Amino acid sequence: MISLGFIDHSKPQCNACGLHETVTTPKFPLSGKGEMEIMLIFDKPSEMENATGKKMIGQQYTFVEEVLAKSGISLKEDCWKTHAINCSFQKKLTDSKIKKICSHCFPYPDSILKKKKPKLIICFGGYSASVVLKSRFSDTSAGRWRGLPFWSPEHSCYVMVTYDPSKLFDSMDSDSYKMIIDQDITEAIKYLKKNPPKVRKPQITTSIDFKEIIQNLEIIYNNATYLSIDYETTALKPDNEGQKIVTCSYSYITKKEKKKLKTFSFIVDYRGMFNKKQVDIVHFWMRKIALK
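Quick note: the sequence shown uses our numbering, first residue 166, plus one each step.
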């Protein structure tokens, strides 16, 4: 019997990808001294890096270097640089093909982030953004995430996504993109010294008991000063005939406990658990809360 061996998915799957066999400089390593612990993630190495084997050369890095310098930051001294894909490629590939390549490469930049523990991550492009966002979101494109700095609990630092600067020089709108990337980088630098966001851990209560549900809805109606609502339905438009709200939840803060976030989740109309009169009473209190 022939053993195929154990595939370690915590390491890059270069043999499965095969891209390294088609480039001049494969498996491009981490570069930069990282004195200020800023991690820059690009989609892939530049064509000049691939051709020469030298690090951080190419128009995109010159542009990023100039933008960072305006904030007193040195690209090569203060930052680290890595890639979503560690081998360069010139030919046009489909998005699905690139994502497949990324999945083989991801363990490498992921291990770099865990080892270096940066104080700030800037992702240049959608594929580099997916290194941080992973599969938690279906859309990791730069257009979706750029300009929106967010805290990454996994990496304990802020993350900024912007456009891939390597595409600037082939674009008719290069000046506009340059301005946007400039703004994003400058804004990201401000988050180097920004404290982590304070996240309130809610006190969560769930109930399928009718009396308990009504008691809690009365409390919310009489005491909530801040309220957010979420509900699950049988259709996108539950107000249509024949549709209904199945479950509902309220997150709220009361007058007496201003710093304590509470969440109450409950059954509304699910598989006959309540009779029509009971459902109507629950609806009555939900309307009162909504209209308050």
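Where is the CB? At the ideal position from N, CA and C, for every residue including glycine. In this text the structure is predicted, and so the values were computed from the model without any measurement.
Legend entry - Delimiting residues of the alpha helix (DSSP H) encompassing A307: The residue labelled residue 307 in the question sits at position 142 within the sequence shown. Counting along the chain, the alpha helix (DSSP H) containing A307 begins and ends at 307-310.
Inset, instruction - Excluding the 5 residues preceding and the 5 following K421 in the sequence, name in chain order all residues of the same chain whose CB lies nearer than 8 Å to its CB. - result: For the purposes of this step, residue 421 is taken as the residue at position 256 of the sequence shown. Closer than 8 Å at Cβ, skipping near neighbours: N388.
Inset, instruction - Run the CB neighbour count on P274, radius 10 Å, all protein chains shown included, and call it buried at 16 or more, exposed below. - result: Working through the sequence shown from its first residue, we reach residue 274 at position 109. By the 10 Å Cβ count, P274 comes out buried.
Legend entry - The beta strand (DSSP E) enclosing L285, as first and last residue numbers: Within the sequence shown, numbered from 1, the residue matching residue 285 stands at position 120. Taken as a continuous stretch (DSSP letters only), the beta strand (DSSP E) holding L285 covers 285-289.
Inset, instruction - Check the Cβ-Cβ distances between I277 and every residue of chain C, and say whether any is below 8 Å. - result: Although the question refers to chain C, the structure presented lacks it and comprises just one protein chain.
Inset, instruction - Determine, using beta carbons only, whether L205 and C179 come nearer to each other than 8 Å. - result: As a position in the sequence shown, residue 205 is number 40, starting the count at 1. As a position in the sequence shown, residue 179 is number 14, starting the count at 1. No, these two residues do not count as a Cβ contact at 8 Å.
Legend entry - Cα-Cα separation between Y435 and K425, rounded to whole angstroms: As a first step, residue 435 is located in the sequence shown; it is residue number 270 there, counting from the start. As a first step, residue 425 is located in the sequence shown; it is residue number 260 there, counting from the start. In a straight line, the C-alpha of Y435 is about 30 Å away from that of K425.
Legend entry - First and last residue of the uninterrupted beta strand (DSSP E) at E186: Along the sequence shown, read from residue 1 onward, the residue named residue 186 stands at position 21. Boundaries for E186: no beta strand (DSSP E) harbours it, and the DSSP string shows neither H nor E there.
Inset, instruction - Have a look at the DSSP bridge pairing and note the partners of F315. - result: Here the question's residue 315 lines up with position 150 in the sequence shown. DSSP lists V324 as partners of F315.
Legend entry - Whole-number beta carbon distance between E242 and E200, since they are thought to touch under 8 Å: Numbered from its first residue, the sequence shown carries residue 200 at position 35. Numbered from its first residue, the sequence shown carries residue 242 at position 77. Right, the Cβ-Cβ distance comes to about 5 Å (below 8 Å), so this counts as a contact.
Inset, instruction - Could you name the residues of the same chain whose beta carbon sits closer than 8 Å to that of F171, not counting the 5 residues immediately before and after it, in chain order? - result: Reading the sequence shown from its first residue, position 6 is the one you call residue 171. Here F171 scores only 36 on pLDDT, less than 50, and its place in the model should not be relied on; the value that follows carries that caveat. Excluding positions up to five away in sequence, the list is empty.
Inset, instruction - Kindly identify the DSSP beta-bridge partner or partners of Y386. - result: Walking along the sequence shown from the start, residue 386 turns up at place 221. Its beta-bridge partners do not exist; DSSP assigns none.
Legend entry - Sequence-distant residues of the same chain with beta carbon closer than 8 Å to G223, five excluded per side: In the sequence shown, residue 223 corresponds to position 58, counting from 1. Cβ within range, chain order: S211, E212, M213, E214, S331.
Inset, instruction - On the DSSP bridge assignment, give the partners of Y435 in chain order. - result: Here residue 435 is taken as the residue at index 270 of the sequence shown, counted from 1. Partner(s): none; Y435 has no beta bridge.
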